[in-house]
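What follows is a set of notes on a single structure, which appears directly below.
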Amino acid sequence: MDPSPSAASVGVRSATSAGSSRYRFVVLTVVWAAYLVVFLSRLCVGPLAPFLRDAFGLSNAQVGGLTSATAVVYAPTLIFAGWLVDSIGVRRALLTGTAITGACIGAVALAPSYGTMLLLLGASGLGCGFIYPTAVKAIMLWFPAGERATAVGVNQSAVNVSGMLGAAVMPWLAAAFGWQAGFAFAAVLALLVCVLAVALYRDPRPEEPPSATPPEVPLHELDGARPTSDGDGSSGRVTATAGFVAVLRSRDIWMMGLAALLLGAVEFAALAHLVLFLNGAWGLGVAAAAGMLAFSQLAGAVGKPLSGVVSDRVLGRRRVPALIGMGALAALSCVAFAVLAPGHTGLLWGALFLLGVGAIGWGGLMGTLAGETGGRTAAGAAAGVSAAFVNVGIFLGPPIFGLIVDRTGAYAPAWWALAAAAVVALALLLGVREGRTV
297 MDPSPSAASV GVRSATSAGS SRYRFVVLTV VWAAYLVVFL SRLCVGPLAP
347 FLRDAFGLSN AQVGGLTSAT AVVYAPTLIF AGWLVDSIGV RRALLTGTAI
397 TGACIGAVAL APSYGTMLLL LGASGLGCGF IYPTAVKAIM LWFPAGERAT
447 AVGVNQSAVN VSGMLGAAVM PWLAAAFGWQ AGFAFAAVLA LLVCVLAVAL
497 YRDPRPEEPP SATPPEVPLH ELDGARPTSD GDGSSGRVTA TAGFVAVLRS
547 RDIWMMGLAA LLLGAVEFAA LAHLVLFLNG AWGLGVAAAA GMLAFSQLAG
597 AVGKPLSGVV SDRVLGRRRV PALIGMGALA ALSCVAFAVL APGHTGLLWG
647 ALFLLGVGAI GWGGLMGTLA GETGGRTAAG AAAGVSAAFV NVGIFLGPPI
697 FGLIVDRTGA YAPAWWALAA AAVVALALLL GVREGRTV
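Put into structure tokens, the structure is as follows:
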């Protein structure tokens, strides 16, 4: 029997590929908007903090508790949502996440007390936790391997854009209309993205497998690729559960997860303490120090898609070498902060740039590596588990950095500790067997 594909099947594949080549940008737009809304909701407490403190008579610790409330629920939800998106498909998970986020953040605007606000922000973390594994899964499904790291990097830039948007819009809304307007704004955006997802996003349909090799095509076009849930969803749940178990047993997932934990600790410890460091050790004003932090954030926003382009186009779709390079830049920036003396402003700006590109810009590549390691049936679970590791690092990094500074009376030992953490992350990444799926 002639194994060559029929003309009809080739035609189906060609039409599918052509449609995918256009539609993948719609997918990226939808998940980028969802990611922006999630982080706007997570980060809106900061710009609104002075108004909330005055309205409810809060201490600084209580204001910090509002930020932590979302994170406490967000981290474990990442793991559950990763399994769920593999079970029910991207579209349903995307709708669920944005709807929960919008409803909870909107209810915060009506909160009569600090305790109620704390509970509602915690509940919003449930919706926020859906979006990261959902976005990674969507990109894994619709983008070929040669574009995935770039696409995930672009998607991750929504974090930086949301921070800039929140800082610009939230205080103005609160001053003009009250603190409630800031939360209402975030809620309306979340619900609009929910409508956008209903209107524009679709899960892939089963198609004939293309003749191209797997690295050249989106995952949804591979042999046997179908929406993970069909009918009553039971087969999808069985497949997703098996994939989730395989993710938890994967040596490569654990290696990259531990590396992500350390890199997350480096990133958020640096972000949390950079202004204090520049103000206390370098004698810079708070406004000038904040401007330097914004510069690092901007470098990170550029570094995320740029590192994806390098991985996709220069390194032949290899993620680990690119991640090792970014981790090395992060370590180098921390060493620079440890050894530079005040007055070397030019070198300081260079270190700030390296911090942004390396310590802030690595997240898109890690998400791509996790999603590709999970494969079609477990991309969401792999992305969720790796992101949960990152959030452990986010939880641990800033207080450990501060504790080192408090105990030693100097910043240099804390920066050396971050550099060491980045180096250990590099060693862990060297043990990841890229190209294998769970």
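Every position in the sequence shown, counted from 1, becomes a number in the numbering used here once 296 is added. Just so you know, even glycine gets a beta-carbon here, dropped at the ideal spot from N, CA and C.
If you draw a 10 Å sphere on the C-beta of V448, you find 16 or more other C-beta atoms in it, and that means buried. Contact between the segment 603 to 613 and the segment 461 to 475 is absent: fewer than three C-beta pairs spanning the two stretches fall below 8 angstroms. Beta-carbon to beta-carbon, G402 and A480 are separated by about 6 angstroms, close enough to satisfy the 8 angstroms threshold. S458 has its alpha-carbon roughly 18 angstroms from the corresponding atom of C400. Annotated as distal: A595 and L661, with beta-carbon spacing of 9 angstroms or more. Proximity of the segment 441 to 456 to the segment 350 to 362 falls short of the contact definition, fewer than three beta-carbon pairs being nearer than 8 angstroms. Counted as a single uninterrupted DSSP element, the alpha helix (DSSP H) harbouring I396 occupies residues 386 to 404.
Annotated three-state conformation of E730 is coil, per DSSP. Fewer than three pairs of CB atoms, one per stretch, sit closer than 8 angstroms, so the segment 414 to 421 makes no contact with the segment 490 to 500. Taken atom to atom, the span from the alpha-carbon of Y331 to that of G599 is near 18 angstroms. Secondary structure remark: continuous alpha helix (DSSP H) runs of at least 4 residues inside the segment 525 to 606, in chain order: 530 to 545, 547 to 576, 582 to 605. The straight-line gap separating the alpha-carbon atoms of G581 and N575 is approximately 6 angstroms.
Looking at the backbone, the Cα of C424 and that of G670 are separated by about 21 angstroms. Within the model, the alpha-carbon separation for P638 versus P429 is close to 42 angstroms.
An exposed status is given to M460, since fewer than 16 other beta-carbon atoms sit within 10 Å of its beta-carbon. By the C-beta criterion, the segment 690 to 709 is judged not to be in contact with the segment 379 to 386, since fewer than 3 inter-stretch pairs fall below 8 angstroms.
R613 and T673 have their C-alpha atoms some 20 angstroms from each other. In the DSSP assignment, S420 falls within the unbroken alpha helix (DSSP H) covering 410 to 438.
Ranking L665, F426, T412, A721 by CA distance to the CA of A389 puts F426 first.
When DSSP states are grouped into helix, strand and coil, S355 belongs to the coil group. Considering only R545, T641, V688, the residue with the shortest C-alpha distance to T733 is R545. Here the C-alpha atom of V720 lies approximately 32 angstroms from the C-alpha atom of T537. Approximately 6 angstroms separates the beta-carbon atoms of I656 and E563; this is inside 8 angstroms, confirming the contact. For T397, the number of other beta carbons within 10 angstroms of its own is at least 16, and it is reported as buried. The segment 434 to 444 and the segment 364 to 371 do not touch, with fewer than three beta-carbon pairs separated by less than 8 angstroms. Taking a 10 Å sphere around the C-beta of F347, we find 16 or more other C-beta atoms and assign the residue as buried. At a Cβ-Cβ threshold of 9 angstroms, V333 and T394 count as neighbours. Linking G474 to Q593 through their CA atoms gives a straight-line distance of about 28 angstroms. Between the C-alpha atoms of V635 and A627 there is a straight-line separation of about 13 angstroms. The C-beta of T641 has fewer than 16 other C-beta atoms within 10 Å across all chains shown, which makes the residue exposed. In the structure shown, the three-state DSSP call for D608 is helix. The alpha carbon of G659 has as its nearest neighbour, out of A556, G680, A577, the alpha carbon of A556. In the three-state scheme derived from DSSP, where H, G and I count as helix and E and B as strand, Y497 is classed as coil. Per DSSP, reduced to three states, the secondary structure at R672 is helical.
Closest option to A684, judged by alpha-carbon separation, among G560, A586, G727: G560. Assigned with DSSP and collapsed to three states, A627 falls in helix.
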